[in-house]
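For what it's worth, this note's numbering labels the leading residue of the sequence shown as 2, then goes sequentially.
I have placed the structure first, in the form of structure tokens, so that the comments after it can refer back to it.
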Amino acid sequence: MAETTDIRSQIPTESSIEKLSYQAMSANWFEYPIVVHPHHTDYGGIVWHGTYLTWMEEARVECLKSIGIDFADLVSMGCDLPVVDLSLRYHRSLKMGESAIVKTRTIDMEGVRIIWEYEIQSADREITYLTGMVTLVAVDREKGKIMRQLPNTVKDALVKMRE
């Protein structure tokens, strides 16, 4: 039987949070670099609209990991964070071979709701390809019901990330 990990033991100290990140954090943004490969595109070499959602989720999972929250451990402990609301605005298409930065940050926590903001920009930050917002809700996987509150370790880590 798989061993479950206490998420509290994975939350880094305040001083180590500053040293952890997939990429630089600026103005509370977590930055996740991507490169457009052929499988991200349609036959014309333009990124398929659903690919942007995949990149957003990858950035969100890596952002959580950078503050000590491993999503797989969170799920194995019985907490899931499904998307309950999604809003995207496509400004310009990415094309095969281009590089970009997926920027994400939490902008609000309302009870068990976590609202994430996104920008996908060119590597030089001159072009904005997409802006969006995603709302997640903490769900008890066993009961299949919305939790009454976020696990304290998750809430504390997200608050520190926003400081």
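In this text, a Cβ means the ideal position worked out from N, Cα and C, and glycines have one as well.
Three-way DSSP call (helix, strand, coil) for residue i in this model
i	result
W117	strand
G133	strand
R61	helix
Y33	strand
K96	strand
Beta-carbon contacts of residue i that lie in its chain and below 8 Å, excluding the five residues immediately before and after
i	result
R90	L131, T132, G133
Alpha-carbon to alpha-carbon, residue j and residue i
i	j	result
K66	F72	7 Å
I115	H92	25 Å
L151	Y33	25 Å
R126	G45	25 Å
V138	I35	26 Å
M110	A158	12 Å
T105	W30	5 Å
D81	V160	19 Å
Element boundaries [beta strand (DSSP E), containing residue i]
i	result
D109	100-111
L89	84-91
Cut-off 6 Å between Cβ atoms - residues of its own chain near residue i, not counting five sequence neighbours on either side
i	result
E143	G79
R149	none
Contacting residues, own chain, Cβ-Cβ under 7 Å from residue i (five flanking each side not counted)
i	result
M97	V37, P39, T42, G46
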